[in-house]
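With UniProt numbering applied, the sequence shown closes on residue 742, and no number is skipped along the way.
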Amino acid sequence: MTATSIGKPLTRVDGRAKVTGAAHYAADFNQPDQLYAVIVNATVGLGRVSGIWNDEVERMPGVVAVITHHNAPKLAYLPHKAVIDPADGERLHVLQDDEVRFYGQPVAVVVAQTLDHAERAAAALRVTYAARPPLVDPSDPRAEAIVPAAATRARALADRARGDADGAVAQAPIKIDETYEIARENHNPMEPHATIAAWKEERLTLWSKSQYLVNEQAEIAAVFGMPAENVEVVCPFIGGAFGTSLRTWPHVTLAAVAARHVGRPVKLVLTRKQMFFATGHRPRTRQRVALGATPEGRLTGIVHEGTGETSRYEQFMEALTNVTDYLYSCPNVRTQYRLTPLDTSTPNHMRGPGEASGIFALESAIDELSYKLGIDPVALRRRNEPELDEAENKPFSSRSLVQCYELGSERFGWARRTPEPRSMRDGRLLIGMGAATATYPAYQAPAHARVRLLGDGVAEVEAAASDMGPGTYTSMTQVAAEFLGLPPEQVRFNLGRSAYPQTPSHGGSWTMASVGSAIRAACIAAQAEAARRAMADDNSPLFRAPVGDLEWSEGRLRRRGQTGAGLSYGDIVARSGRPVEADGSAERGGDVAERYSMHSFGAVFAEVAIDPDVGTIRVRRIVGAYGIGRVVNPLLARSQCTGGMIGGIGMALMERTVLDPRDGRPVNAHMADYLMPVNLDIPRLEAHFVDEVDPHVNALGVKGLGEIALVGTAPAIANAVFHATGKRVRSLPIHIDDVLSA
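Written out as structure tokens, the structure reads:
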């Protein structure tokens with residue numbers, strides 16, 4: 001079939017709704033007779049609540065209720081297993097006891113007639129504590145690393161090895177052995193977390209910001225001990241998330257508790273400051289990478305050890321050391337992953353989770369090795385290109401890393417780079433060029449979709465997916481239009497309701513592979529049902545036509561080889577008197593996953609300019625080249641890449657959440673001191689795609705893009721900083737004082 005929609009740079013079908021205010025986000029679904037809730041957060045980092053003086057607050061104007069562990073209902077908190085387990089352990093049981101586990105933990109919720117009344121009352125509520133000093137710094141001598149309890153899957157094993165990596169590194173004529181650190185980061189999307197909860201007898205509706213609607217439905221049902229079908233989650237639009245809304249955080253439970261307590265709908269919106277406490281963060285990590293190589297640049301040994309922070313009540317894991325297994329050819333590789341439990345809230349997936357952090361350490365070490373060897377950094381990577389996944393001893397379904405480096409080098413102008421550090425200048429400014437590899441698994445999860453063909457020729461498509469900004473509405477419209485043979489204007493894609501056919505989370509770069517493949521299957525099923533109706537209609541020109549004699553073309557059913565008008569979907573629906581409806585599902589066959597190693601790859605190039613007198617670092621340009629299989633919409637894909645690059649600039653140079661060691665308080669929980677790239681920080685960004693055909697990953701031949709778009713950017717910038725200054729900075733973010741002495 002000739003592509004008619006897939007591959008075209010279609011502008012966003014939901015763009016007008018967003019710029020005109022017609023798009024409704026979670027906090028926009030105001031309900032009749034609605035009240036407002038504000039959370040009161042613990043002001044100590046560890047201990048217990050010794051007293052709550054709520055009598056005076058309850059008499060304040062507009063206050064309807066103050067809910068604490070004294071009067072909150074005892075909730076079921078039944079076990080619930082998500083498709084992507086965010087953590088191993090037991091989630092926070094909110095307002096179920098007097099224990100304080102971390103700074104900012106909810107200790108009360110105030111419900112009032114207006115937001116102003118609720119905020120005033122929450123500020124006035126006096127809470128006392130029996131406090132103990134928390135442990136919040138993983139470098140504290142008292143902190144102890146542990147083996148993750150959930151590290152049982154092949155790629156998630158805490159300890160993996162082939163050959164004798166330590167011996168190979170020790171005996172190598174050329175070696176690198178360094179430690180790399182990454183600060184804790186918070187997501188800070190434009191839209192804050194928000195939930196409106198409304199009960200109708202035993203049924204609960206949540207208008208809630210969520211990247212994972214069916215999980216939020218199941219999680220809240222488990223918390224309250226009720227059937228999942230009694231909970232509906234609605235979220236048609238998300239104003240950015242980057243992983244922070246993959247979990248159902250305590251504020252959702254509190255909104256539902258408050259609504260049931262007062263018998264009216266309740267709206268709860270977190271403040272920017274509150275989002276630093278308990279809606280997840282990229283964990284602070286410390287990594288050791290040791291490399292051994294021959295003088296010709298062949299890797300002989302790799303050791304990669306990483307430790308990430310987690311809370312004491314849950315163990316959050318991420319793929320910190322996974323890419324080291326397969327990225328380069330090496331006979332001796334050992335990786336180790338540990339967790340450090342702290343008195344903080346649980347970390348969460350943040351764009352490029354694990355891979356973005358792990359690849360900073362690995363790609364920095366590879367860059368260091370290239371200078372020690374006197375080999376061009378790109379040439380060194382190409383010299384160690386593997387023929388297969390050496391960790392799992394199976395071929396890649398496709399791997400275009402060499403082509404990515406070729407394309408990226410050409411577009412960036414890598415050949416103009418002079419190899420010696422501090423050898424390039426623009427006037428008085430030091431100029432540096434750096435490169436790094438990007439990679440991310442090509443995941444797919446079981447997903448379902450529904451297609452409904454209407455009498456007016458419009459096709460309705462439904463799936464319980466989310467759209468946090470990458471263009472899901474548009475790309476799924478294109479997939480349906482492609483396989484139905486319709487123009488995109490005749491496709492109406494609906495997402496954002498847990499009542500729709502179930503899909504996996506909107507994260508992990510698997511939305512298109514999973515939901516798109518399910519939509520394809522539903523379209524094919526709808527066409528089959530429409531054809532059956534046409535063949536069963538004795539007034540149809542296709543009555544009793546053999547199935548093999550029929551074909552769909554441009555949304556019309558004809559006898560094979562004929563060029564006449566045929567029957568449109570609208571014709572078939574009109575003749576039968578009812579819409580054609582069909583469900584479809586898709587998942588990756590286990591045999592395919594067993595036979596192939598499936599990943600996206602990319603090469604990222606960065607140029608920086610550094611003022612040698614004051615140490616200011618400016619990223620001048622970034623060029624990325626990616627092998628991601630079939631590109632559904634190049635316009636959206638480039639937007640995804642440039643957004644990821646901007647996130648990588650923040651990771652490399654700005655973002656850091658600082659905790660007060662006395663109580664674990666995030667001291668920069670606001671946009672004045674938590675720095676992120678703004679328009680003046682954003683340089684020229686380019687994204688290019690290698691023509692890559694992968695028939696194995698899924699029916700659409702697509703790989704994920706959202707995560708890999710950030711992976712690789714931070715190490716490319718860090719490597720450029722070294723090239724400019726000759727000073728290797730091994731901790732992120734890189735500060736002015738890190739390069740002032742260069």
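Note that beta-carbon positions come from the ideal geometry of N, C-alpha and C, so glycine has one too.
Please read these numbers as outputs of a predicted model, since none were measured by experiment.
Closest by CA to residue i, which one among the options?
i: residue 462; options: 26, 659, 585, 605; result: 585
i: residue 379; options: 94, 434, 161, 655; result: 434
i: residue 121; options: 95, 53, 176; result: 53
i: residue 658; options: 226, 277, 62; result: 277
i: residue 186; options: 102, 717, 349, 614; result: 349
i: residue 656; options: 735, 245, 129, 108; result: 735
i: residue 301; options: 333, 226, 101, 308; result: 333
i: residue 71; options: 140, 32, 257; result: 257
i: residue 47; options: 5, 315, 33, 107; result: 107
i: residue 672; options: 188, 360, 319, 329; result: 188
i: residue 596; options: 470, 612, 394, 358; result: 394
i: residue 357; options: 331, 472, 437; result: 437
i: residue 528; options: 101, 583, 44, 118; result: 583
i: residue 176; options: 674, 373, 675, 238; result: 373
i: residue 10; options: 577, 207, 478; result: 478
i: residue 298; options: 259, 386, 540, 134; result: 386
i: residue 712; options: 6, 388, 327; result: 327
i: residue 250; options: 77, 44, 377; result: 77
i: residue 235; options: 637, 206, 228; result: 206
Whole angstroms are fine: how far does the CA of residue j sit from the CA of residue i?
i: residue 642; j: residue 407; result: 17 angstroms
i: residue 65; j: residue 209; result: 24 angstroms
i: residue 90; j: residue 317; result: 14 angstroms
i: residue 352; j: residue 706; result: 8 angstroms
i: residue 218; j: residue 347; result: 21 angstroms
i: residue 709; j: residue 468; result: 15 angstroms
i: residue 432; j: residue 740; result: 15 angstroms
i: residue 14; j: residue 547; result: 38 angstroms
i: residue 410; j: residue 542; result: 55 angstroms
i: residue 481; j: residue 269; result: 37 angstroms
i: residue 731; j: residue 553; result: 57 angstroms
i: residue 99; j: residue 51; result: 12 angstroms
i: residue 493; j: residue 460; result: 6 angstroms
i: residue 18; j: residue 579; result: 30 angstroms
i: residue 550; j: residue 559; result: 4 angstroms
i: residue 512; j: residue 629; result: 12 angstroms
i: residue 726; j: residue 322; result: 29 angstroms
i: residue 83; j: residue 594; result: Its pLDDT being 48, under 50, residue 83 is placed unreliably in this model, and the value from its coordinates should be taken loosely. Their backbone Cα atoms lie some 20 angstroms apart in a straight line.
i: residue 668; j: residue 651; result: 16 angstroms
i: residue 74; j: residue 737; result: 52 angstroms
i: residue 555; j: residue 184; result: 51 angstroms
i: residue 496; j: residue 465; result: 6 angstroms
i: residue 684; j: residue 502; result: 39 angstroms
i: residue 137; j: residue 661; result: 7 angstroms
Report, in whole angstroms, the separation of the C-beta atoms of residue i and residue j, which I expect to be a contact under 8 angstroms.
i: residue 267; j: residue 27; result: 7 angstroms
i: residue 94; j: residue 253; result: 5 angstroms
i: residue 567; j: residue 534; result: 5 angstroms
i: residue 105; j: residue 42; result: 5 angstroms
i: residue 294; j: residue 148; result: Rounded, the Cβ-Cβ distance is 34 angstroms, inconsistent with contact.
Taking 7 angstroms as the line, does the beta carbon of residue i fall inside it for any heavy atom of the ligand COA?
i: residue 145; result: Among the components of this structure there are no ligands whatsoever, and the ligand COA is therefore not found.
Hey, residue i and residue j: beta-carbon distance below 8 angstroms or not?
i: residue 716; j: residue 605; result: yes
i: residue 222; j: residue 79; result: yes
i: residue 311; j: residue 279; result: no
i: residue 204; j: residue 230; result: yes
i: residue 615; j: residue 714; result: no
i: residue 724; j: residue 608; result: yes
i: residue 201; j: residue 226; result: no
i: residue 359; j: residue 449; result: no
i: residue 127; j: residue 118; result: no
i: residue 237; j: residue 499; result: no
i: residue 557; j: residue 530; result: yes
i: residue 401; j: residue 603; result: yes
i: residue 430; j: residue 422; result: yes
Touch test, the region 442 to 454 against the region 697 to 708, Cβ-Cβ under 8 angstroms, three pairs minimum: Segments in contact, yes.
Between the region 327 to 338 and the region 24 to 38, do three or more beta carbon pairs fall short of 8 angstroms? No contact exists between the region 327 to 338 and the region 24 to 38.
Is the region 448 to 459 touching the region 617 to 634, taking contact as three or more C-beta pairs under 8 angstroms? When Cβ pairs closer than 8 angstroms are counted between the two stretches, the region 448 to 459 is seen not to touch the region 617 to 634, the count staying below three.
Check whether the region 494 to 509 and the region 233 to 243 touch, using three or more Cβ-Cβ pairs below 8 angstroms as the test. Contact annotation: the region 494 to 509 touches the region 233 to 243, with at least three C-beta pairs closer than 8 angstroms.
The region 259 to 266 in contact with the region 186 to 199 per 3-pair CB rule at 8 angstroms: Taking 8 angstroms as the limit for Cβ pairs, the verdict is that the region 186 to 199 does touch the region 259 to 266.
Does the pairing of the region 280 to 291 with the region 159 to 177 give three or more beta-carbon distances under 8 angstroms? Segments in contact, yes.
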